[in-house]
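Take 31 as the starting number for the sequence shown in our numbering and just add one per residue.
Ideal placement from N, C-alpha and C gives every residue a C-beta, glycine not left out.
Worksheet: one structure, shown below.
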Amino acid sequence: MAYASQKPNNLYQLAIYDAKTQKKTVIADDTEDPYKNVFLSEDGSTVLCTDTKNRVGRATYYYADESTGWKLRPTADIGNKTVRFGVTRLAEDGSYFVVYSKRGLDLYRTK
31 MAYASQKPNN
41 LYQLAIYDAK
51 TQKKTVIADD
61 TEDPYKNVFL
71 SEDGSTVLCT
81 DTKNRVGRAT
91 YYYADESTGW
101 KLRPTADIGN
111 KTVRFGVTRL
121 AEDGSYFVVY
131 SKRGLDLYRT
141 K
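As structure tokens, then:
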């Protein structure tokens, strides 16, 4: 399970939790960025999330994966730019994601 939460001090945390091992891995902690729209790939290897801070209708997408120690990074195709926000779906292996917005359907590489 991947999730984002707001802490009592108005800071945010992004984490994954493995119910089988009862292990929690924190991806981002004590950040002012409210990560939202958190997705976990079907194989459990990749987390995708958005940062919509101070932007209406636009988002920056970030990912973290197991192979890099769950370090949060901008996605390959978008980088630090913003794109029109929409319905998002992540591929089962986490390598691609799609965003369906007013502009249509866009396909992006995650890594």
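Which same chain residues, not among the five before or five after E122, have their C-beta less than 7 Å away from its C-beta?
S71, E72, D73
What three-state label does DSSP hand S97 in the structure shown?
Residue state, collapsed to three classes: helix.
Run through DSSP, which three-state label would Q52 get?
coil
With DSSP as the reference, please indicate the residues paired to D81 in a beta bridge.
Y65, T90
C-beta atoms of T76 and Y91 nearer than 7 Å
Contact: no.
With a Cβ-Cβ cutoff of 7 Å, do V117 and Y130 count as a contact?
In contact: V117 and Y130 (Cβ atoms closer than 7 Å).
Using only the alpha-carbon positions, how far apart do I46 and I57 sit?
7 Å
When the Cα atoms are used, what is the spatial distance from W100 to Y93?
A straight line joining the alpha-carbon of W100 with that of Y93 spans about 8 Å.
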